[in-house]
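A.B. asks: Have a look at this one.
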Amino acid sequence: MSHPSRANEHSYDFKWGIKSGMGGKNRDLQFYESFTYDGVEYSLYDCVYLYQTGQLETYIGKLVRIWETPTREKKVKIVWFFRPVDIRRHLGDDVPHWNEIFLASGEGKGISNINALEALGGKCKVVCTSNDKRNPRVSQVELREADYIFYRTFDIGSLKISDNFADLIDGIKVEYFFNRKKDQKLLNPRNIKANLEVRTQTIDSTSKSDMSTLDMWPLKKRKLLLSTEKELPGLGPNTSPPSELEERSNMRTLLPLRIASKRDPEKLTVSLPGLPKHEEKNLNPKDSTSQNRARPKKVKFDEKAITIPDKAASQPAQNEGIKARTGSMDDTRRLDADRRSWFKELPWDKRIQRAHEQGTLVLLENLDRSYTSSEVEDLVWHAFNVRATAKMIQCGTFSSPHNGKAFVIFKLKATADMVISQLNAKCLMLADGRPVVGHRKAPTDPSKPASFVGHLFIDKIRFQRQPEYMRNAVSTSHYSQPNTIEFDLATEWRVLQEKSVLWWKALYEQHSKEIQDLKCQLKHIF
Amino acid sequence: MFVHKFTVIIRSLYNQSSPSQNLAVCLWVEGTPVTAYTKTFNLQRSESRSISEFKVHQLHMESPAQNEYALFEQKVKRAVYIDNISPQVTDAVLKTALNQFGTVVSIHFIPNYVEPSKIPRCALVEMAKQSEAEAIISDMNNYPFMMSGMPRPARARPAEVEMFDDRPIKPGRRIQCRWLDKEDPDFEVAKKLKHLVRKHASEASFMLKNQLEEEEKLAKQQAEVLKTNYKKYEMIDSVLADGAARRLARHYNFNVSDD
Numbered sequence: 001m002s003h004p005s006r007a008n009e010h011s012y013d014f015k016w017g018i019k020s021g022m023g024g025k026n027r028d029l030q031f032y033e034s035f036t037y038d039g040v041e042y043s044l045y046d047c048v049y050l051y052q053t054g055q056l057e058t059y060i061g062k063l064v065r066i067w068e069t070p071t072r073e074k075k076v077k078i079v080w081f082f083r084p085v086d087i088r089r090h091l092g093d094d095v096p097h098w099n100e101i102f103l104a105s106g107e108g109k110g111i112s113n114i115n116a117l118e119a120l121g122g123k124c125k126v127v128c129t130s131n132d133k134r135n136p137r138v139s140q141v142e143l144r145e146a147d148y149i150f151y152r153t154f155d156i157g158s159l160k161i162s163d164n165f166a167d168l169i170d171g172i173k174v175e176y177f178f179n180r181k182k183d184q185k186l187l188n189p190r191n192i193k194a195n196l197e198v199r200t201q202t203i204d205s206t207s208k209s210d211m212s213t214l215d216m217w218p219l220k221k222r223k224l225l226l227s228t229e230k231e232l233p234g235l236g237p238n239t240s241p242p243s244e245l246e247e248r249s250n251m252r253t254l255l256p257l258r259i260a261s262k263r264d265p266e267k268l269t270v271s272l273p274g275l276p277k278h279e280e281k282n283l284n285p286k287d288s289t290s291q292n293r294a295r296p297k298k299v300k301f302d303e304k305a306i307t308i309p310d311k312a313a314s315q316p317a318q319n320e321g322i323k324a325r326t327g328s329m330d331d332t333r334r335l336d337a338d339r340r341s342w343f344k345e346l347p348w349d350k351r352i353q354r355a356h357e358q359g360t361l362v363l364l365e366n367l368d369r370s371y372t373s374s375e376v377e378d379l380v381w382h383a384f385n386v387r388a389t390a391k392m393i394q395c396g397t398f399s400s401p402h403n404g405k406a407f408v409i410f411k412l413k414a415t416a417d418m419v420i421s422q423l424n425a426k427c428l429m430l431a432d433g434r435p436v437v438g439h440r441k442a443p444t445d446p447s448k449p450a451s452f453v454g455h456l457f458i459d460k461i462r463f464q465r466q467p468e469y470m471r472n473a474v475s476t477s478h479y480s481q482p483n484t485i486e487f488d489l490a491t492e493w494r495v496l497q498e499k500s501v502l503w504w505k506a507l508y509e510q511h512s513k514e515i516q517d518l519k520c521q522l523k524h525i526f
Numbered sequence: 001m002f003v004h005k006f007t008v009i010i011r012s013l014y015n016q017s018s019p020s021q022n023l024a025v026c027l028w029v030e031g032t033p034v035t036a037y038t039k040t041f042n043l044q045r046s047e048s049r050s051i052s053e054f055k056v057h058q059l060h061m062e063s064p065a066q067n068e069y070a071l072f073e074q075k076v077k078r079a080v081y082i083d084n085i086s087p088q089v090t091d092a093v094l095k096t097a098l099n100q101f102g103t104v105v106s107i108h109f110i111p112n113y114v115e116p117s118k119i120p121r122c123a124l125v126e127m128a129k130q131s132e133a134e135a136i137i138s139d140m141n142n143y144p145f146m147m148s149g150m151p152r153p154a155r156a157r158p159a160e161v162e163m164f165d166d167r168p169i170k171p172g173r174r175i176q177c178r179w180l181d182k183e184d185p186d187f188e189v190a191k192k193l194k195h196l197v198r199k200h201a202s203e204a205s206f207m208l209k210n211q212l213e214e215e216e217k218l219a220k221q222q223a224e225v226l227k228t229n230y231k232k233y234e235m236i237d238s239v240l241a242d243g244a245a246r247r248l249a250r251h252y253n254f255n256v257s258d259d
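Given below as structure tokens:
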């Protein structure tokens, strides 16, 4: 064995499957047909999610090649599918089906990429509904179970959508992109089970509910909605500053965390528990070169995306774009540093703290309490045309019944600013006559110990050495007995608790009355 | 099951609308991703055949989302919301505490993101059975329950849907919104409503502050009471221990028995 052995082989659950042969210039690449990663069995031509934290969307692609380099790096080549959002500037009047995606095709950069295998985030069930005679039909059941469907391609050279499938897509026979014939195992139960779709369900539901709300609304309202959308001309380009395609292509060079997190030891320990620090350093240069190798492929596509859709992309986007294209490796790292923490999401506490420091955190108030986080994400998408991560605040003792709150994390500070100013200048009215209020608020750190009064100790006893049996006794929670001083004191507390319940009830009743009084004045409640 | 729901939708439209009016009826299988059936038809008072015009057989009888939500509602009923918890209470403490009255399935402390950090912690505890949860709530309302300290008792209430972080989307609901700008007749009212939200928030935070002060006051006062009581017992102890009590008794001709 000439190559140095790497410790990271064991740091996550991974197993190679069927070998398919050697290849490469020096015939030193080992190709494979299948492998198991993180409990999921992947094989060639499976559709997969590639995901990363901090990014709402996953990417969907097809595994077209799997191999291991002499230095034991596991690589996959992915031919991409585009979500409608990715290519929305080229959609025109076309309204894609809610779960439709587009197969990349044509000549140009961005049709496929080589990625680290570790970027895989699960399998994705994609069904081709094309009427092409080369495409085996699927049953209704399969169709229903599919996460996505596709029957059109997006030509990345001419930026056109087409119903026709070329014979070769990125040098691979198109048959591999159509549905598999029945005898091939595409939809065995294990595959279905493996179909965990991380958080991105929300995006699908975003586009879904977008269309569905449109469909669902009575015609008049639909018109109303459309007209209001038109009334916000600046919204489109500004709200998603890094132009979708550009950003995507930056992200497309998907690299595992170890590159991005050189400066962030915390993330590092999260993702690479078994890997000693110095190893990580050794890895870096290699990965940077691979990043280098992959990046130029995308450059052209980047530029196209910027020049074609809108020149008025906002400042930060341009800066970012320029940095990404011309900057040194250091720059790119900084650019992505906060976006790339792979495999495990940071806990919410940290994410909102960080977002607050960066100014991308907005607290939305006056929502309906029963909204869920993903519905808030939909709402943000619908109202501002930006994607964001939202978290509905769980109700507790002191949450008002009239005021649902949610923290929303945007990608950029500029977006957060825009959202707040839009909400202030105009009114975003929800169906039941609630205007949404948005502002910045420092999140409370829940990990900080809360102060708590009312538990008493007798100092002397507390510091006395307790006999062994008392120290070993598990302190049990108990109901107090009515003949103790504890019971008397506890009753005083119960009285205060009951009193406070009444205070709050009275307050909320008054609030409710005040709100109702005002709502009566609304002329148009839908 | 679903067909039943289907008819309900038609009926309600039927009743509300005037006869022979062109209607766009949009139906969807609740929760399942966008299966919308749109049909425009001429509605007559006597007409009830329209249902058959829809391809009912294509709809699922029970959507997975509905099932999921029903399961979730069961879970809510099995859960207890407990507040007034000391920060010293951990998962383990809570689990042992409530395992006395049933089987604890899961425990989730609700993180406090928006309220001041002074408020006591609260938690959701899922029990194995709904009856267990109900018993805990009623007992804890009747008797003060001590957890990791005394005498401030913990308090239990039925859990609510909105307390859960992982709640599924309510099937069939679609959120709608629209933008109002300055020309809109409702703009002023909406603006007032927004002010009201702020006003209410500040009223609530004042109330919260008040309550926390009250609690602190009570805690202090009780600490005093306890101290005095403790002093009293200590004094009695010491008087008995050093024989002063007996001497005094003899002096006043009292009969003190030593038991």
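Residue numbers (the UniProt record's numbering), protein chains in the order written: chain A, 1 to 526; chain B, 1 to 259.
Backbone N, C-alpha and C define an ideal beta-carbon position, used for all residues, glycine too.
None of the values given here were measured: they were computed from a predicted structure.
1. Got a sec: is the Cβ-Cβ distance from Cys427(A) to anything in chain B below 9 Å?
2. Output needed in chain order: residues of the segment 433-447 of chain A with a Cβ under 8 Å from some Cβ in chain B.
3. Of all the CB atoms in chain B, is at least one closer than 9 Å to the CB of Ala194(A)?
4. Run down chain B in chain order and give the residues with a C-beta less than 7 Å from the C-beta of Ser370(A).
5. Where do the ends of the beta strand (DSSP E) carrying Gln521(A) lie?
6. Could you please tell me which residues of the segment 221-237 of chain B, in chain order, have their CB closer than 9 Å to any CB of chain A?
7. Which runs of the beta strand (DSSP E) fall wholly inside the segment 81-168 of chain A and span at least 3 residues, in chain order?
8. Any idea what DSSP makes of Arg178(B), helix, strand or coil?
9. If I follow the unbroken alpha helix (DSSP H) through Ile136(B), where does it start and stop?
10. On the three-state DSSP scale, how would you describe Ala431(A)?
11. So which residues of chain B does Gln394(A) contact, with C-beta pairs closer than 8 Å?
12. Find the nearest neighbour of residue 612(A) within the set His97(A), Val48(A), Asn131(A), judged by alpha-carbon distance.
13. Looking only at its chain, what residues have a beta carbon closer than 6 Å to the beta carbon of Thr484(A), apart from the 5 residues adjacent to it on each side?
14. Going by beta-carbon coordinates alone, are Leu94(B) and Val105(B) separated by less than 9 Å?
15. Using only alpha-carbon positions, find the residue among Ser112(A), Gly404(A), Asp147(A) that is nearest to Gly122(A).
16. Can a CB atom of chain B be found closer than 9 Å to the CB of Thr397(A)?
17. Within 10 angstroms of the Cβ of Arg78(B), are there 16 or more other Cβ atoms? Answer buried if so, exposed if not.
18. Comparing the C-beta of Ser138(B) with each C-beta of chain A, is any distance below 9 Å?
19. Identify whether Pro151(B) lies in helix, strand or coil by the three-state DSSP scheme.
20. Report the three-state DSSP secondary structure of Ser271(A) (helix, strand or coil).
21. Leaving out five residues before and five after Ala245(B) in sequence, what residues of the same chain have Cβ atoms less than 6 Å from its Cβ?
22. Give me the Cβ distance between Lys405(A) and Leu430(A), rounded to the nearest whole Å; I'm assuming they're in contact under 8 Å.
23. Of all the CB atoms in chain A, is at least one closer than 9 Å to the CB of Val80(B)?
24. Residues of chain B with a CB under 9 Å from the CB of Arg354(A): which are they?
25. Comparing C-alpha positions only, which one of Ser34(A), Asn113(A), Gln516(A) sits nearest to residue 562(A)?
26. Judging by CA-CA distance, which residue of Lys191(B), Glu203(B), Leu208(B) is the nearest neighbour of Leu423(A)?
27. Is DSSP giving Glu377(A) helix, strand or coil here?
28. Fully enclosed by the segment 379-458 of chain A, which beta strand (DSSP E) runs are 3 residues long or longer?
29. Taking Val48(A) as part of the beta strand (DSSP E), name the residues at either end of that continuous run.
30. Please report the distance separating the alpha-carbon of His108(B) from that of Glu498(A).
31. Hey, would you say Ala154(B) sits closer than 9 Å to Ile82(B), going by beta carbons?
32. Cutting at 7 Å between CB atoms, please list the residues of its own chain near Val125(B), excluding the five before and the five after it.
33. Less than 9 Å between the C-beta atoms of Leu502(A) and Glu215(B), yes or no?
34. Nearest to Cys122(B) by alpha carbon, out of Met147(B), Asp139(B), Tyr143(B), Ser138(B)?
35. Evaluate contact between the segment 127-140 of chain A and the segment 55-73 of chain A, counting only Cβ atoms and requiring at least three cross-stretch pairs below 8 Å.
36. Under the rule that 16 or more other beta-carbon atoms within 10 Å means buried, what is Asn26(A), buried or exposed?
C.D. replies: In this structure, then:
1. yes
2. Gly433, Arg434, Pro435, Val436, Val437, Lys441, Pro443, Thr444, Asp445, Pro446
3. Confidence in Ala194(A) is poor, its pLDDT being 37 and thus under 50, which makes the residue's placement unreliable; the coordinate value appears in the next sentence. Answer no: the Cβ-Cβ gap between Ala194(A) and chain B never drops below 9 Å.
4. Val161, Glu162, Lys170
5. No beta strand (DSSP E) holds Gln521(A); DSSP gives it neither H nor E.
6. Gln221, Gln222, Ala223, Val225, Leu226, Lys227, Asn229, Tyr230, Glu234
7. 100-105, 112-116, 120-123, 126-128, 148-155, 160-162
8. strand
9. 130-142
10. coil
11. Ile110, Pro111, Glu162, Met163, Phe164, Asp165
12. Because residue 612(A) is not part of the residues shown, which for chain A are 1 to 526, the question remains open.
13. none
14. no
15. Asp147(A)
16. yes
17. buried
18. no
19. strand
20. Reliability fails at Ser271(A), whose pLDDT of 38 lies under 50, so the model's placement of it is uncertain and no value is given.
21. Val239
22. Their Cβ separation, rounded to whole angstroms, is 14 Å, which puts Lys405(A) and Leu430(A) out of contact at 8 Å.
23. no
24. Near Arg354(A) there are no residues of chain B at all, since even the closest Cβ is about 14 Å away, more than 9 Å.
25. Outside the displayed range of chain A (1 to 526) lies residue 562(A), so it cannot be described from this structure.
26. Lys191(B)
27. helix
28. 389-392, 404-409, 427-430, 437-439
29. 47-50
30. 25 Å
31. yes
32. Ala79, Val80, Ile82, Leu94, Leu98, Val104, Ile107
33. no
34. Met147(B)
35. no
36. exposed
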